[in-house]
Amino acid sequence: MKEKFVTGVSVTAAGAVPVVATRLDPRDYVGILRARLGIRRDSYRIEPGLYAVGSPDERSEILVTSNYKLTFDTVRANIGGLDVWLLVLDTGGINVWCAAGKGTFGTEELVRRIQLASLDKLVKHRRLILPQLGASGVAAHLVKRRSGFTVLYGPVRASDIRAFIGARYRADSLMRRVRFGFADRVKLIPVDFVSGARYVFGAAALFFIAAGISREGFSIQHALESFFPSAVNVLAAYCAGIVVTPMALPYIPVRSFASKGILAGLALTVGLLPFHTLGGTAISVIAWFLFIPGLASFVAMNFTGSSTYTSLSGVKKEMRIALPVQLAFAGIAFILIIADRLF
Amino acid sequence: MQRLVYLKNVVTLTLKEDKCNGCGMCLKVCPHEVFGMSGHKAFIIDKDYCMECGACALNCPQDAILVRAGVGCAAALIQGALTGTEPACGCSSRKASCS
Ligand code: SF4
Ligand code: SF4
Chain A
1 MKEKFVTGVS
11 VTAAGAVPVV
21 ATRLDPRDYV
31 GILRARLGIR
41 RDSYRIEPGL
51 YAVGSPDERS
61 EILVTSNYKL
71 TFDTVRANIG
81 GLDVWLLVLD
91 TGGINVWCAA
101 GKGTFGTEEL
111 VRRIQLASLD
121 KLVKHRRLIL
131 PQLGASGVAA
141 HLVKRRSGFT
151 VLYGPVRASD
161 IRAFIGARYR
171 ADSLMRRVRF
181 GFADRVKLIP
191 VDFVSGARYV
201 FGAAALFFIA
211 AGISREGFSI
221 QHALESFFPS
231 AVNVLAAYCA
241 GIVVTPMALP
251 YIPVRSFASK
261 GILAGLALTV
271 GLLPFHTLGG
281 TAISVIAWFL
291 FIPGLASFVA
301 MNFTGSSTYT
311 SLSGVKKEMR
321 IALPVQLAFA
331 GIAFILIIAD
341 RLF
Chain B
1001 MQRLVYLKNV
1011 VTLTLKEDKC
1021 NGCGMCLKVC
1031 PHEVFGMSGH
1041 KAFIIDKDYC
1051 MECGACALNC
1061 PQDAILVRAG
1071 VGCAAALIQG
1081 ALTGTEPACG
1091 CSSRKASCS
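Protein sequences appear in the order of chains A and B.
Each residue of the first sequence is one higher than the one before, starting from 1 at the first, in the numbering used here.
Each residue of the second sequence is one higher than the one before, starting from 1001 at the first, in the numbering used here.
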């Protein structure tokens, strides 16, 4: 399979190695956009193995990465002008950090790829540069023992690779820190918005049924006529959890994501008051003041998996407290809404 | 740079300083600057910064670090509980921050 990004072949003591471009072409950008929007993101992978960038030789550095195409593209786009080898591990098309967590970007796979690519024949030195985030899957001292290669953990971000090599394999503390700035968080919103849509549809379906209920029984006609405000409320709740919470993350003055979601949900519910979507009775307004923060809290809690600083122990702790609360809020709200329609 | 900090006093990270040989590996692999070094011994600056990624424990040649590693992802935990399997992160995200 000849990939678009392969521009030639480098013949080495370890066999023929494909040379890859360091400038992305329009297709690559389309791929990046699609992945960011959550379309086809699971099958976006390249062939694992050894690649060449520039004209590397037996003294050139070996960079290790995953076979998720977006990661591969990010790396090669950041090392234009360098002459290096690129060893791509088979992570099943998953990025380095996630794959390291699963162990597919791991000691086993790395040692196997070192042998498959005959790195001992390719280069005279015995160094590999790994992305720092690969460290949760790779034990450097075991790789050394089993392959003879020393693992150097490079920076977190590909854009710092050049500086890392230039500084003789030293990363300053900023290069070693994972960030979660505004831009990082905003980039996640589209994918999360799409992947969480089932919550909106589920909640909307329930309220559609509720909207059809009246003292005369259930009527689709009635549901269609009075469903709109509920739909707006459900959408607002979803947005509070999946758009507002990520964007305002550091500014919401509580630590657990579930609580951040509740506050964001409350804020949006207050914001909805002038639009009269919360209903005309006190009971209905109270119901929405429970439901919107409840759903927002649940959705925000799911954002823990997208963040870069939540621990498993912490998430377990907040879920133990928050899940029952969220369920209670939603349940009570739903009963209130139905009761409001019947009495 | 502002630092986002998650819940207080929950993480399972422990460091046995008597086993440490001061190699500095934990300082290099930790993405949240949890460790510092003082007189050839690593120490924990603030446990609450830790996300339990497990990189330090895996790369400590002295086995001086213990942490119950995992991914802090509520969706994965719910999925795991519903299907009765190990929580596995779907990793819809973390892509923005990975290289
Ligand atoms: S990796 Fe282990 S031995 Fe090395 S400094 Fe850290 S705790 Fe000490
Ligand atoms: S588990 Fe990860 S975040 Fe926690 S101290 Fe170790 S390397 Fe740092």
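Built from N, CA and C at the ideal position, the CB exists for glycine as well.
Residue i versus the options, residue with shortest Cα-Cα distance
| i | options | result |
| --- | --- | --- |
| residue 339/A | 152/A, 285/A and 158/A | 285/A |
| residue 279/A | 293/A, 243/A and 227/A | 227/A |
| residue 17/A | 38/A, 85/A and 71/A | 85/A |
| residue 111/A | 137/A, 288/A, 69/A and 172/A | 137/A |
| residue 21/A | 332/A, 143/A, 288/A and 78/A | 78/A |
| residue 266/A | 244/A, 255/A and 283/A | 244/A |
| residue 195/A | 65/A, 27/A, 55/A and 303/A | 303/A |
| residue 122/A | 109/A, 76/A, 60/A and 103/A | 60/A |
| residue 263/A | 276/A, 74/A and 239/A | 239/A |
| residue 76/A | 51/A, 93/A and 320/A | 51/A |
| residue 19/A | 128/A, 308/A, 117/A and 10/A | 10/A |
| residue 175/A | 131/A, 249/A and 257/A | 131/A |
| residue 276/A | 114/A, 229/A and 13/A | 229/A |
| residue 1032/B | 1041/B, 1004/B, 1024/B and 1066/B | 1004/B |
| residue 1184/B | 1080/B, 1083/B and 1051/B | Absent from the model: residue 1184/B. The displayed extent of chain B is 1001 to 1099, so no value can be given. |
| residue 197/A | 168/A, 29/A and 299/A | 299/A |
| residue 233/A | 94/A, 272/A and 254/A | 272/A |
| residue 297/A | 247/A, 269/A, 205/A and 261/A | 261/A |
| residue 13/A | 92/A, 27/A, 117/A and 36/A | 117/A |
8 angstroms Cβ cutoff, residue i in contact with chain B
| i | result |
| --- | --- |
| residue 165/A | no |
| residue 294/A | no |
| residue 55/A | no |
| residue 76/A | no |
| residue 1/A | With a pLDDT of 49 at residue 1/A, under the threshold of 50, the modelled position of that residue is not reliable, and no figure is offered here. |
| residue 221/A | no |
| residue 309/A | yes |
| residue 86/A | no |
| residue 238/A | no |
| residue 225/A | no |
| residue 304/A | yes |
| residue 325/A | no |
| residue 141/A | yes |
| residue 318/A | yes |
| residue 249/A | yes |
| residue 180/A | yes |
| residue 173/A | yes |
| residue 256/A | yes |
The beta strand (DSSP E) enclosing residue i, as first and last residue numbers
| i | result |
| --- | --- |
| residue 1047/B | From DSSP, residue 1047/B is part of no beta strand (DSSP E); its letter is neither H nor E. |
| residue 1036/B | 1035–1038 |
Below-8 angstroms beta-carbon distance, residue i vs any chain A residue
| i | result |
| --- | --- |
| residue 1066/B | no |
| residue 1020/B | no |
| residue 1077/B | yes |
| residue 1058/B | yes |
| residue 1074/B | yes |
| residue 1004/B | yes |
| residue 1011/B | yes |
| residue 1040/B | no |
| residue 1029/B | yes |
| residue 1082/B | no |
| residue 1016/B | no |
| residue 1007/B | yes |
| residue 1036/B | no |
| residue 1070/B | yes |
| residue 1024/B | no |
| residue 1096/B | Summary for residue 1096/B: the model assigns pLDDT 36, below 50, so the residue's position carries little reliability, and this model does not support an answer. |
| residue 1092/B | The pLDDT assigned to residue 1092/B is 45, lower than 50, so where the model puts this residue is not dependable; a value taken from the coordinates is nonetheless given after this. Chain A, which has a Cβ nearer than 8 angstroms to the Cβ of residue 1092/B, makes this yes. |
DSSP beta-bridge partners of residue i
| i | result |
| --- | --- |
| residue 85/A | 52/A and 62/A |
| residue 18/A | 9/A |
| residue 1083/B | Paired residues: none, contrary to the question. |
| residue 1015/B | 1065/B |
| residue 45/A | 68/A |
Where the alpha helix (DSSP H) containing residue i begins and where it ends
| i | result |
| --- | --- |
| residue 245/A | 245–248 |
| residue 74/A | 69–77 |
| residue 31/A | 26–36 |
| residue 1028/B | 1025–1029 |
| residue 1060/B | That residue, residue 1060/B, is in no alpha helix (DSSP H); it is neither H nor E in DSSP. |
Practice item. Pick out the complete beta strand (DSSP E) segments inside the segment 260–330 of chain A, 3 residues or longer, and give them in chain order. Key: none
**Study point:** Whole alpha helix (DSSP H) elements within the segment 160–192 of chain A, 4-residue minimum
**Key:** 161–166 and 173–176
**Study point:** Whole runs of the alpha helix (DSSP H) within the segment 201–230 of chain A, excluding any shorter than 4 residues
**Key:** 220–226
Point to revise | Entirely enclosed beta strand (DSSP E) segments - the segment 84–169 of chain A, minimum 3 residues | key: 84–89, 127–130 and 150–153
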